[in-house]
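Structure first, then comments.
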């Protein structure tokens, strides 16, 4: 008995294959979130994708079943077999379908339109389209593509097209279906109707490689996997998004989380490089799986340089995908996904990633120096979450969630004051402008506010020395700018020491009522150092003038804990490229003499300095 059963079983399976596998191609449909993960439910208002897959089934068909469809011992180099099939799975050449869905529950994102899938290796989609004129709510007609060239594929399923969708405000289970385009048409049963149906099928056909121009009949395509059900549910409690502006990468724990969000940096100048860190916190009882965000900002001030994720920093637990930004755009978007569990749970913010920003590189970008009638004020730069969605895990199951903005990031941004001609660099041309006005008081008539860098009411030698120390710096370098103590000026005065700064002086002219130790004199500048974050913090001068020295102190922020580092490292230096040390020494010496000997006018000190420098014509030195 058992022997008989063993003899019968193969015959039974062969007969079943002969009945089913007379189809030469398969079409299937899959719903995914924006990260590409398959989903069975979406939240109201959530964006998602429908993926249309195709597969060549010729390797599963017995040619003896339909011998009229196959060539007998063909030349493998002859691609035109007059419509006869080759038994090897060489891939799909053309595929068009109609997509049917409930138009009251879903919207097709026509602004994005159909997107091509990866297709066969080394082949290029030459055309992909749909019939927008015939398509209505709930039906996308004649959706498909064909591939140029005769590159052979294989029998593996391949993503053909991606259709972007959005769930509307109606909850419940809904069906999506793709079918042959001819099935959605109504042709009369007349010779003319049959002729029109054949012509339509030829235009919106599905064909395989190495079959000639003969399209497959609808019954020769397997659509059994082309119908799916998708649940639309009310969104769960939302994921909270927080943004922070930092110059030093924030240290996180082993799960990529922080116990407390960092503070926004107090201020920036227009040439700063910095991070915007993105934090997400899952709702109660859930952890994060994926988060998509869109962030808007003022592109006249900054450009996105890079997205930092787990591939750049092992302390981050999310990988970024679907990243979109441009140097002319005021928006950046990305989807962050993690395969780890328990991330962002227990009301603990998790770091999704960092956006690395640099100064705007487009003509006319940056902060204008508006010094008309008064000293220039700061602008405000801000970063705001304007869109997104998320998926969270509850006890192992994934559910869609909305996102809400917990706190945005904003700070003051100042123009670099030394770039007087606003050409993106500090040069001798800027220095010449200040030299021409040396000794001038600042008034509403002459509007010299932009040259009074220490805001003491006049253009003097201190202003010149500040500019000299910054010559050679531009917005394309990582070199820090050097500022006077008290910058940025909260009260339009230079009467405040930087908190906690210790300054020594000898034979110094003190510009404020601070007591100092009588030791070797300094005018604090940063040393050349290795930059471990987007840019070193700008250094401010202490409020004193003294005889020159080569000693220096650094006020750069310390390297971040946890191994975090900048995506770009370069040597930053503040050394002038025009012999600034010698010039500064002479200028400061003249300033000290001017104060101690009570010289009659600033012009006498200036003459003395330039006589020592042997400068006869300033224009010839630029």
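Numbering (this note's numbering), first residue to last: 11 to 632.
From the three backbone atoms N, C-alpha and C, an ideal C-beta is built for every residue, glycine too.
Predicted, not measured: the structure shown is a model, and the values here were computed from it.
Would you grab the beta carbon distance between residue i and residue j for me? Rounded to a whole angstrom, and I think it's under 8 Å.
i           : j           : result
residue 425 : residue 376 : 7 Å
residue 372 : residue 348 : Incorrect: roughly 35 Å between the Cβ atoms, too far for contact.
residue 284 : residue 367 : 6 Å
residue 481 : residue 450 : That pair is no contact at about 21 Å.
residue 399 : residue 459 : Not really, about 48 Å apart at Cβ, beyond 8 Å.
residue 427 : residue 52  : Contact flag wrong, Cβ pair sits at about 52 Å.
residue 126 : residue 60  : Going by Cβ atoms, the distance from residue 126 to residue 60 rounds to 14 Å, so no, they are not a contact pair.
residue 232 : residue 35  : 7 Å
residue 417 : residue 392 : Not confirmed; about 11 Å, so no contact.
Is it right to say residue i is buried, meaning 16 or more other beta carbons lie within 10 angstroms of its own, or is it exposed?
i           : result
residue 495 : buried
residue 335 : buried
residue 299 : buried
residue 6   : The question about residue 6 has no answer here: the residues shown for the chain are numbered 11 through 632.
residue 245 : buried
residue 369 : buried
residue 301 : buried
residue 405 : exposed
residue 173 : buried
residue 282 : buried
residue 279 : buried
residue 122 : exposed
residue 356 : exposed
residue 287 : buried
residue 264 : exposed
residue 270 : exposed
residue 354 : buried
residue 396 : exposed
residue 154 : buried
residue 201 : exposed
residue 429 : buried
residue 48  : exposed
residue 435 : buried
residue 440 : buried
residue 325 : buried
residue 294 : exposed
residue 239 : exposed
residue 390 : exposed
residue 142 : exposed
Cβ of residue i within 8 Å of Cβ of residue j?
i           : j           : result
residue 119 : residue 66  : no
residue 328 : residue 319 : yes
residue 633 : residue 341 : Within the shown structure, residues of the chain are numbered from 11 to 632, placing residue 633 beyond reach of any answer.
residue 218 : residue 102 : yes
residue 182 : residue 412 : no
residue 483 : residue 475 : no
residue 311 : residue 379 : no
residue 234 : residue 414 : no
residue 267 : residue 33  : no
residue 499 : residue 465 : yes
residue 236 : residue 39  : yes
residue 382 : residue 457 : yes
residue 296 : residue 402 : yes
residue 448 : residue 472 : no
residue 444 : residue 477 : yes
residue 710 : residue 115 : It is not possible to answer for residue 710, since the shown part of the chain is limited to 11 through 632.
residue 64  : residue 105 : yes
Quick one: grab the DSSP three-state call for residue i.
i           : result
residue 270 : coil
residue 69  : helix
residue 313 : strand
residue 571 : With a pLDDT of 40 at residue 571, under the threshold of 50, the predicted position of this residue should be treated as unreliable, and no value is reported.
residue 108 : strand
residue 457 : coil
residue 355 : coil
residue 396 : strand
residue 480 : helix
residue 440 : helix
residue 229 : helix
residue 387 : coil
residue 82  : Bear in mind that a pLDDT of 48 at residue 82, under 50, signals an unreliable position, so the model cannot answer this.
residue 471 : helix
residue 174 : strand
residue 491 : coil
Report yes or no: is there a C-beta of chain B within less than 8 Å of the C-beta of residue i?
i           : result
residue 242 : Although the question refers to chain B, the structure presented lacks it and comprises just one protein chain.
For the structure I just gave you, are there three or more beta carbon pairs, one from the segment 178-191 and one from the segment 103-118, closer than 8 Å? yes
If you pair each beta-carbon of the segment 273-287 with each one of the segment 247-259, do three or more pairs fall below 8 Å? yes
Can at least three beta-carbon pairs, one atom from the segment 348-362 and one from the segment 311-318, be found at a separation below 8 Å? no
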